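The structure appears right after this line, and notes come after that.
In our numbering, the protein residues as written are 323 to 697.
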């Protein structure tokens, strides 16, 4: 069975859940054989198209396939590079091994008469700019296995959709495109189905959905500025990629009133980062935070009452619920039980927890990603 190493991003649990969702959607038969730090080891019944899989993922940095072991490590790498780069200069990198091994490999290859360049890899950009994926030259050693990188995250494209788009509002929060993509994958909606972001902001989720292949897009927001930014960003992306088969509708509407403009039982998946309260500076007292959590709980509950009406019977909602940080204390929003009473089941995103957390050091809140399925 082919073996792969998925090198995960800064939130390995979220990345793992996303990989499982994408494998399910792609009908990949797989087994997770191990985890080590940010490395997720997977066996599949047949070779996967790593470039195609990477093109869907948001939380994976690179995908590498194990090379068959025949002799010792150095000999196996020498043979592999001679076979995969049979002409011209051999270029390779090697991580996870003793530096002496890399120098020994370079020396042996040079003794065969080949021109050889060893590349020191500092980050994903180094792999991309040295064309090491195409050359099959980015190698890594993990637990005695040799892996060759088959795909890396398209960081420049993601960055362009994040920072290069014309419409954005930093005051209303900036959802990272990588997280948006993870959330869309967790929804596991067919590409032909209708999907909605009920708090669309500047349109990050909707733009990522279009980039992933969704063609029936709905968005709404209570802010006129948000709707304008979303329209601008979607049009910018459609023109950039020369896409003319995308259907999208945007509504200036409170999420609690969407049943007035969207047909009941018509939406397959709702993926949203909602309003998460006023921006925090870190000096707010607990009473202030508790009052904000109560207001947000009511907003989310009222929204879910309406979202239940427009969601299809088998539909799902991927929804961020913030958790606030006050010094060493976490303050959660009490709304899950009420959401269940509306007519939703919580579908756990891991064996350890019903939700998965996305957060960074120094931030005053963390994003908890939940999956709700309509009963």
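Even glycine gets a Cβ: it sits at the ideal position worked out from N, Cα and C. These numbers come from a predicted model, not from an experiment.
For residue 358, three-class secondary structure by DSSP = Three-state result, residue 358: strand.
Buried or exposed by the 16-neighbour rule on C-beta atoms within 10 Å, applied to residue 519: It counts as buried.
Beta-carbon contacts of residue 345 that lie in its chain and below 6 Å, excluding the five residues immediately before and after
Non-local C-beta neighbours of residue 345 in its own chain, meaning closer than 6 Å and more than five positions away in sequence, comprise 352, ordered along the chain.
Notebook entry, point to check: Among 630, 671 and 623, which residue has its Cα nearest to the Cα of residue 659?
Noted result: Residue nearest to residue 659 within the set 630, 671 and 623 is 623 (criterion: CA-CA distance).
- prompt: Using CA coordinates, which residue listed in 483, 488 and 514 is at the minimum distance from residue 500?
  reply: Out of 483, 488 and 514, 483 has the C-alpha closest to the C-alpha of residue 500.
Requested in this report: Please go through the same chain and pick out, in chain order, the residues whose beta-carbon is closer than 6 Å to the beta-carbon of residue 647, but skip the five residues on each side of it.
Outcome: The beta carbon of residue 647 sits closer than 6 Å to those of 686, all from its chain and outside the five residues before and after it, given in chain order.
Handout entry: Minimum length 4: unbroken alpha helix (DSSP H) runs contained in the stretch 406-463
Key = Listed in chain order, they are 421-433, 446-451 and 454-457.
**Prompt:** Alpha carbon to alpha carbon, what distance is there between residue 530 and residue 270?
**Reply:** The chain is shown from 323 up to 697; residue 270 falls before or after that span and cannot be answered.
- request: Report the option in 412, 612 and 359 whose CA atom is closest to the CA atom of residue 335.
  value: Minimum Cα distance to residue 335 is reached at 359.
Buried or exposed for residue 583, please, with buried defined as at least 16 other CB atoms from any protein chain shown within 10 angstroms of its CB. Burial state of residue 583 is exposed, judged by a 10 Å Cβ sphere holding fewer than 16 other Cβ atoms.
Q.
Measuring CB atoms only, is the stretch 619-634 touching the stretch 544-560, in the sense that at least three cross pairs come out at less than 8 Å?
A. Under the 8 Å Cβ criterion, the stretch 619-634 does not count as touching the stretch 544-560, having fewer than three qualifying pairs.
Tell me the residue span of the alpha helix (DSSP H) that contains residue 488. From DSSP, residue 488 is part of no alpha helix (DSSP H); its letter is neither H nor E.
**Asked** Under the DSSP definition of a beta bridge, which residues are partnered with residue 667?
**Response** Looking at the DSSP output, residue 667 sits in a beta bridge with 695.
| query | Which value, in whole angstroms, describes the spacing of the CA atoms of residue 591 and residue 374? | reply | Each residue's CA atom was taken as its position, placing residue 591 and residue 374 some 23 Å apart.
*Would you mind reading off the limits of the alpha helix (DSSP H) that contains residue 551?*
Annotation for residue 551: the continuous alpha helix (DSSP H) segment containing it runs 546-562.
Report task. Just mark residue 638 as buried or exposed, buried being the case when its beta carbon has 16 or more other beta carbons within 10 Å. Result -> Around the beta carbon of residue 638, 16 or more other beta carbons lie within 10 angstroms, which makes this residue buried.
State the Cα-Cα distance for the pair residue 435 and residue 477, rounded to the nearest angstrom. Roughly 36 Å between the two C-alpha positions.
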